[in-house]
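Quick mapping for you: the protein sequence lines, in order, are chains A and B.
Residue numbers for the first sequence follow the working numbering, so the first one is 3 and each next one is one higher.
Residue numbers for the second sequence follow the working numbering, so the first one is 3 and each next one is one higher.
Quick reminder that beta carbons are idealized off the backbone N, C-alpha and C, glycines included.
Here the structure is a predicted model, which is why all the values come from computation and not from measurement.
Number of protein chains: 2
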Amino acid sequence: MKGSLLPSIQTSKKRPTAPETRQRILDAAAHLFKDAGYAAVSLRGIADMAGMKAGSVYYHFKSKEEIVLEVLNTGIERVHDAVQSSYDDARESRSGSRIISECVKAHLNTLLAHSDYTSANVRIYGQVPQTVQLDAKIVRRKYESLWDEILGSVKAAGQLNETVDLRLFRLMLIGSLNATLEWFDPEHGNVEELANGYLEILLNGLME
Amino acid sequence: MKGSLLPSIQTSKKRPTAPETRQRILDAAAHLFKDAGYAAVSLRGIADMAGMKAGSVYYHFKSKEEIVLEVLNTGIERVHDAVQSSYDDARESRSGSRIISECVKAHLNTLLAHSDYTSANVRIYGQVPQTVQLDAKIVRRKYESLWDEILGSVKAAGQLNETVDLRLFRLMLIGSLNATLEWFDPEHGNVEELANGYLEILLNGLME
DNA sequence: GTCTATACCGGGATAGAC
DNA sequence: GTCTATCCCGGTATAGAC
């Protein structure tokens, strides 16, 4: 499941060409998108950062939409992989709070420190054309399912407050984690501390 | 403190003209901005929804930036007023959870059901030019201060978990509330139920 | 106070030389 | 595989008639 199954946006079969240049374009696009949003980023700007002229980009991609779709999907694939891997490791512990903690840290680290693709996804998903959103939704949903599986397994082990609505909690959790993008600066703050602070509130609650 | 004190963006002194038409333009802009983002909305689109031609808008506003700045500030003023009012009412109860609950409900109701201006602010703040962001930051900070006051008063009454970092909690709280904009549909769901679900997790925590 | 007309710019995208 | 040149469109903003 690399970049496969992209219904509406035509991703020209298999690109036989220059995987390295392709990457440079995608890296540049992800970096610019996460800072400036979708519409504000021009192909000229992307090309410039990738060290080429705008026209040359079209040898590698059919359109701006094809570029952004690949950025979007790569972004989710990266958090998905990171969280899946943390989940696989932590589930042996059979500790619900341990499992959730590790997965939250994986999500935050990928989002804030490791991947422009993931932060670009969070930042611009709501700004891209509907057709792109529709295509990107497939991979997104798989990521949501992963979290439902994680939280479901903890609940099944009887380690969760019975009254908590899992879907609602997942939405709140991912939403609050993604919202850190608006204010957290990884240059200044420490992601581990951030995660611990959030987890304390989420796991134990606010009230005395 | 209506729309006063706007340093960088020149808001032409005092508009002696047609407050009603002005409102129509701002209403249209807020509505379009909250759905499509900043760059994707054109002055032609705003004018169209306000029932006029693009050129006419410039009789009322100097630029797109002046329009968006006013939308942004109005959006914060509205949540601020709503939350302040709920806070004033609920503080008599001297119940920390009651106070927080009412203020959270006021924020969510304004954001999701009552004000396009507030949702526009949350949605597009990160997309507008730096100059506009800088000007809009003043009003934003006052709103953050209000929440610091609310949470601080509850903590001072000894009703909060001692270990909770108030600034971090404020960021997490507002972030998670604002993130509901991405998925919650007020036509389908009930804001009161949403608020109750969030509050249960935030106040009591997730773990058994 | 709103209109039409238009200037001006920068966007995405294509064609063809190299 | 990248370049230059160019097309076409739609954006913001202005000028001047009404």
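Item: Environment of asparagine 192 of chain B [buried if 16+ CB atoms lie within 10 Å]; Value: exposed
Item: Below-8 Å beta-carbon distance, aspartate 50 of chain B vs any chain A residue; Value: no
Item: Arginine 142 of chain A - containing alpha helix (DSSP H), residue span; Value: 132–158
Item: Beta-carbon proximity list for alanine 108 of chain A, same chain, < 6 Å, skipping 5 on both sides; Value: Ala84, Val85, Ser88
Item: Beta-carbon neighbours of serine 87 of chain A, restricted to chain B and to distances below 9 Å; Value: In chain order: nothing, as chain B lies at least about 23 Å away.
Item: Same chain, Cβ closer than 8 Å to asparagine 180 of chain A, five either side skipped, listed in chain order; Value: Leu113, Val124
Item: Minimum Cβ-Cβ distance from serine 99 of chain A to chain B less than 8 Å; Value: yes
Item: Methionine 1 of chain A - partner residues in DSSP beta bridges; Value: Past the edges of chain A, shown from 3 to 210, lies residue 1 of chain A, and the structure says nothing about it.
Item: Backbone secondary structure at leucine 162 of chain A - three-state DSSP; Value: strand
Item: Alpha-carbon to alpha-carbon, methionine 209 of chain A and alanine 158 of chain B; Value: 13 Å
Item: Straight-line Cα distance separating leucine 175 of chain A from asparagine 198 of chain A; Value: 14 Å
Item: Three or more C-beta pairs below 8 Å linking the segment 141–150 of chain A and the segment 64–79 of chain A; Value: yes
Item: Proximity of glycine 207 of chain A and glycine 207 of chain B at Cβ, strictly below 8 Å; Value: yes
Item: Glutamate 22 of chain A classed as buried or exposed, judged by whether at least 16 other C-beta atoms fall within 10 angstroms; Value: exposed
Item: Alpha-carbon spacing of serine 103 of chain B relative to alanine 49 of chain B, whole angstroms; Value: 40 Å
Item: Pairwise C-alpha distance: leucine 168 of chain B and glycine 154 of chain B; Value: 7 Å
Item: Closest Cα partner of histidine 190 of chain A within the set A:Gln132, A:Val130, A:Ala115; Value: A:Ala115
Item: 8 Å Cβ shell around arginine 172 of chain A - same chain, five flanking residues per side excluded; Value: Glu146, Trp149, Asp150, Leu153
Item: N- and C-terminal bounds of the alpha helix (DSSP H) containing glycine 77 of chain A; Value: 66–92
Item: C-beta contact flag for glycine 57 of chain B and isoleucine 126 of chain B at 8 Å; Value: no
Item: Start-to-end residues for the alpha helix (DSSP H) that takes in phenylalanine 196 of chain A; Value: Checking the sequence shown, residue 196 of chain A turns out to be leucine, not phenylalanine. Looking at the DSSP string, the run of the alpha helix (DSSP H) that includes leucine 196 of chain A is 193–206.
Item: When B:Leu170, B:Glu94, B:Glu184, B:Val59 are compared against glutamine 135 of chain A, the one with the closest alpha-carbon; Value: B:Glu184
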